[in-house]
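Before any comments, here is the structure.
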Amino acid sequence: MIKRKEVLADLQTRFKKEITDIFDKSPHRVYIDIPPSALVPMSRYIFQDLGARFNIASGVDTRSHIEILYHFTIEDINLLISLRVRLNRQKPVIASLTTVCEAANWIEREIHELLGVDFTGHPDLRRLLLSDQWPDKVYPLRRDYKEWDKGAVRDRGVK
Amino acid sequence: MRLPKIRELLEAVKALAVGPYTSKFPKKPHTPYPSFRGQPKFNEDYCVGCLACEQVCPAQAIDHTDTVKGGRAVRTINHYTDTCIFCGECEAACIAEHKGIKLSRDWDLAFFDRKKSYESIERELVLCEVCGGVIGAKKHILWITNKIGELTFSNPTLYQTRLRELGLIDNNLLEIKKDGGRDDRLKILCARCRRQTTVGG
Amino acid sequence: MKKTVIPIGPYHPLQEEPEFFMLTVEGETVVDVDVQVGYNHRGIEKLSELKTFDQSTFVIERICGICSTSHPFAYTRAVEDICDIEAPMRAKYIRTIIAEGERMHSHLLWLGLAGHFLGYNTVYMWVWKLREEILDIMEIISGNRNNYAMFKPGGVRRDINPDDIPLVMKKLDKILPTLKMLYKAVRDDPVLHARTKGVGVLSREAALDFSALGPTSRASGVARDVRKDTVYGAYHEMDWEMIVTKNGDVYDKVAVRILEMLESIKILKYCFLHLPDGEIDAHIKNIPPGEGIGTHEAPRGETFHYVRSDGGNGPVRHKVRAPTFMNLPTYKATIKGAKIADASIILAAIDPCYCCTERMAVSDTKGERLFDGRELIRLSQQETLKWKQKLGAVEPPLEKLTRGTL
Amino acid sequence: MGITTKALLKSLWVFHLSTGSCNNCDIEVLDCLTPRFDVERFGIKLVGSIRHADVLLVTGSCNRKSAERLVKLYKEAPQPCLVVAIGECSLSRGIFIPSYNCPRPLDKLVPVSAYIPGCPPKPEAIISGIVKLIQKVKGK
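The structure is reproduced here in structure tokens:
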């Protein structure tokens, strides 16, 4: 039963250069800010050596930059590690995690499609959710998303 | 292969003895459980026209129009059966003891024309005497006067509406000047005119 | 070897959601599966940003019909995580009652469908008849068969009035014997063993690599259950055990789900009898800026809600991850090398809930010979008939019994 | 009332189509076929392909991908085909009206003959909706 403090201490010694900030939200959750380059080695260590489970990646469009949080859960000590990565808003690019764990395949296709983040090294980055008529370069989850479909009916459609 | 078959046969015989499980629905009418959330219905004597239900509704199934009908300013609140998700939020938010709009028990709402699939209620409006803008539903203002008791007399709009409703005063004590000056302070005014007459300019 | 492409779906009457799998097949064995998705996508994450925190629960509740209370459970826990407020004890009990009731009716629904895929139409009818009892209980408590509208950040919207409880307990006692009979029927039936044992095996390593969740991972020996790992709801008030089996084939997935239902009944009974009285809402006044993460053990696995607020009255970003999002890609591990006849039961084995994953699909084939979705189900049913004849349970041929498939 | 409509009403064969629904309404449609509300007593049967169907049961909020297939499917249906919209999502997309992936309600895509509101509608509401539809078509 590796304890929570040991896990964090171990992460800090091993990735001292990359970790810019650690924030203990609650006994069961910790945020770690890292630069995009450190994502793959760190998540490989967390996923394979610490035996964590890849939970999900959640992309957020704060108006100044695009932020992706990678959540890993270590079950036996019930700790949720969220790696926070900031990308610039015009050309968000980051390495894909599919080499580390197969489960990240779909979520990266979804973030690519809804937020416009480019994942280098992803096996097949085709469209996951949106239909074929959806125009390219229009990302619904961006803050500046405007309705492009002229025929859309936004009331009850009776009058 | 013997034993499991026997158990199933026993089960089948038991089911035969109990009789069909199918409900006699079209012949016998179906009454849902008392806590069933059916079609919300406006209640004529409780609803005060305050539009709390419209703001709370997650599916925006309630909207209102303020129009002048037959010389009287009227607010019609419509509830659309084809957008409502029957969640009970409107009943929970209703300020008239949760009875202004109440979820009934009826579930058989099938219809053929979406243009007629709504329900509405009409409330009389109180208009500002200077600019003619809408202040609110009359019943809503009276509801406020009941709620704040004697504090009503701090605001001319409130106590004049109340006194007119009780018939204690006639319509216009003083002549309305509409010049935004201080003379119009003792009138039924909307918030903007109220500000203009008290602060001025 | 000429490659044949088999589409299942998209609008097959029995699977209640449109889903489509492109199976490329060589002869009898399935070589590859390509799942295409996108039919149920309704943009719920963007919609939740237009609503306030309180209204957003109703959008979240309509993500999926059979886990329509798991998403609000995780969402309200995420919002409570932002403002560090705990729901009062009675609200926790009511939340657990609704969650366990929904686990029952979701597992029963899946058991019925799995029965039909294997050709056991009587199991399908019997299990869905049993499911009506649970739906009645939920209607008594929450006012609707599903979409219960009970959850609110900080507590519960409606209370359970005590004089409903005797009627509910009577209905619960009616369910238990039939469920036990069903479990014995599944355990003893040699034809079912032949059809499901060793079929579509998800090994423990694959389950870990795909991060599979819920009954799918517990059937492969990965002891993963949010109700045991984190302390929430009333799950730590009573003792119930987590069902974990080892060999990860379809039979284990059936067994895990049925035994979980027996546990759910135990939890439901305990909660009804020990319902503490007191407040049912913590009255959250304002929600500070911040991020919250809430999880809950839905019938199919762990739902994960990430809510970010900037102090306003609505979520700024709301990420929903449903369990099937993680379980669905496990097809790559389970379906490779399986026979076509077993394809439909393997695809149904993880209890896929497509509207959770907001996905479904069609794709046009390149002119190879096509099986229709219904033919594939009939193939699976004829396979069961073949096993029945082999194992000596001679019955009239399927066509005469069911006048063709449903 | 033409011979086709009279034949149509004898026993309705139903094809169920889910266009982006949360599958509550789909399950209530399936509930109608199970022992408690068995609609096969009235000859209503769920068929596997649109070619044999008299009535098209539509659930779900017609998102973009499903809307294309819905229109294509409606064209394939044999013509005196009645469309019944079940659940708030197929009536007016209910709570999904502002969603970017559900642009148009159902009756802007195909002519709808009956609407059954409810989220989800009780199986009894679906049965009584179809009974009303039969009487209306007969009454005409």
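Chains as they are written, first to last, in our numbering: chain A, 1 to 159; chain B, 160 to 360; chain C, 361 to 766; chain D, 767 to 906.
All C-beta atoms, glycine included, are put in the ideal place defined by N, C-alpha and C.
Bear in mind that the values here come from a model prediction, so they are computed numbers and not experimental data.
For residue i: DSSP bridge partner residues
i, result
"D222(B)", "N237(B)"
"F119(A)", "I94(A)"
"V172(B)", "Note: V172(B) sits in no beta bridge, so no partner."
"S58(A)", "L69(A)"
"T825(D)", "S784(D)"
"N669(C)", "Here residue 669(C) turns out to be Ser, not Asn, going by the sequence shown. Answer by DSSP bridge pairing, in chain order: G650(C)."
"K699(C)", "T389(C)"
Any chain D beta carbon closer than 8 Å to residue i
i, result
"F201(B)", "no"
"P193(B)", "no"
"I335(B)", "no"
"I494(C)", "no"
"L268(B)", "yes"
"D342(B)", "no"
Endpoints, alpha helix (DSSP H) assigned at residue i
i, result
"E834(D)", "830-842"
"I458(C)", "449-477"
C-beta neighbour in chain C for residue i, strict 8 Å
i, result
"P140(A)", "yes"
"A251(B)", "yes"
"R86(A)", "no"
"P886(D)", "yes"
"Y180(B)", "yes"
"P217(B)", "yes"
Three-way DSSP call (helix, strand, coil) for residue i in this model
i, result
"T356(B)", "helix"
"T684(C)", "helix"
"R29(A)", "strand"
"K811(D)", "strand"
"S82(A)", "strand"
"W486(C)", "helix"
"V614(C)", "helix"
"R63(A)", "coil"
"A658(C)", "strand"
"L730(C)", "Unreliable placement is indicated for L730(C), whose pLDDT of 42 sits below 50; no coordinate value is reported for it."
"N506(C)", "coil"
"H782(D)", "strand"
"D267(B)", "coil"
"F195(B)", "coil"
"R53(A)", "strand"
"L262(B)", "strand"
"D15(A)", "A quick correction: the sequence has Phe, not Asp, at residue 15(A). DSSP places F15(A) in coil when its eight states are reduced to three."
"A232(B)", "strand"
"N789(D)", "coil"
"G515(C)", "strand"
"D441(C)", "helix"
"L872(D)", "helix"
"R719(C)", "Confidence is the limiting factor: at R719(C) the pLDDT is only 31, short of 50, which leaves the residue's position unreliable, though a coordinate-based value still follows. R719(C) falls in the coil class under three-state DSSP."
Minimum Cβ-Cβ distance from residue i to chain B less than 8 Å
i, result
"E890(D)", "yes"
"V919(D)", "Any property of residue 919(D) remains undetermined from this structure, which presents chain D solely from 767 to 906."
"P846(D)", "no"
"R156(A)", "yes"
Any chain A beta carbon closer than 8 Å to residue i
i, result
"F664(C)", "yes"
"I861(D)", "no"
"E620(C)", "no"
"S858(D)", "yes"
Element boundaries [beta strand (DSSP E), containing residue i]
i, result
"S858(D)", "That residue, S858(D), is in no beta strand (DSSP E); its alpha helix (DSSP H) goes 853-858."
"K200(B)", "199-201"
"R377(B)", "This structure leaves residue 377(B) out entirely; chain B is present only between 160 and 360."
"I695(C)", "Careful: I695(C) lies outside any beta strand (DSSP E) and carries neither H nor E."
"G295(B)", "293-296"
"Y318(B)", "Unbroken run through Y318(B) is the alpha helix (DSSP H), 315-325; no beta strand (DSSP E)."
"Y881(D)", "880-882"
Any non-hydrogen atom of the ligand GTP closer than 7 Å to residue i Cβ
i, result
"K183(B)", "Absence of the ligand GTP from the depicted structure is noted, as is the absence of any ligand whatsoever, leaving it without description."
I want to know whether the stretch 822-831 of chain D touches the stretch 97-106 of chain A - three or more CB-CB distances under 8 Å.
Taking 8 Å as the limit for Cβ pairs, the verdict is that the stretch 97-106 of chain A does not touch the stretch 822-831 of chain D.
Whether or not the stretch 847-862 of chain D and the stretch 208-215 of chain B are in contact is what I'm after, with contact meaning three or more pairs of Cβ atoms, one per stretch, closer than 8 Å; do they touch?
These segments do not touch.
Check whether the stretch 530-543 of chain C touches the stretch 595-610 of chain C, taking contact to mean three or more Cβ pairs, one atom from each stretch, closer than 8 Å.
Not touching, per the Cβ criterion.
Take every Cβ of the stretch 53-69 of chain A, pair it with every Cβ of the stretch 102-122 of chain A, and state whether three or more of those distances are shorter than 8 Å.
By the Cβ rule, the stretch 53-69 of chain A counts as touching the stretch 102-122 of chain A, because three or more pairs are nearer than 8 Å.
Report yes or no: do three or more beta-carbon pairs, one from the stretch 772-787 of chain D and one from the stretch 463-475 of chain C, lie closer than 8 Å?
Short answer: they don't touch.
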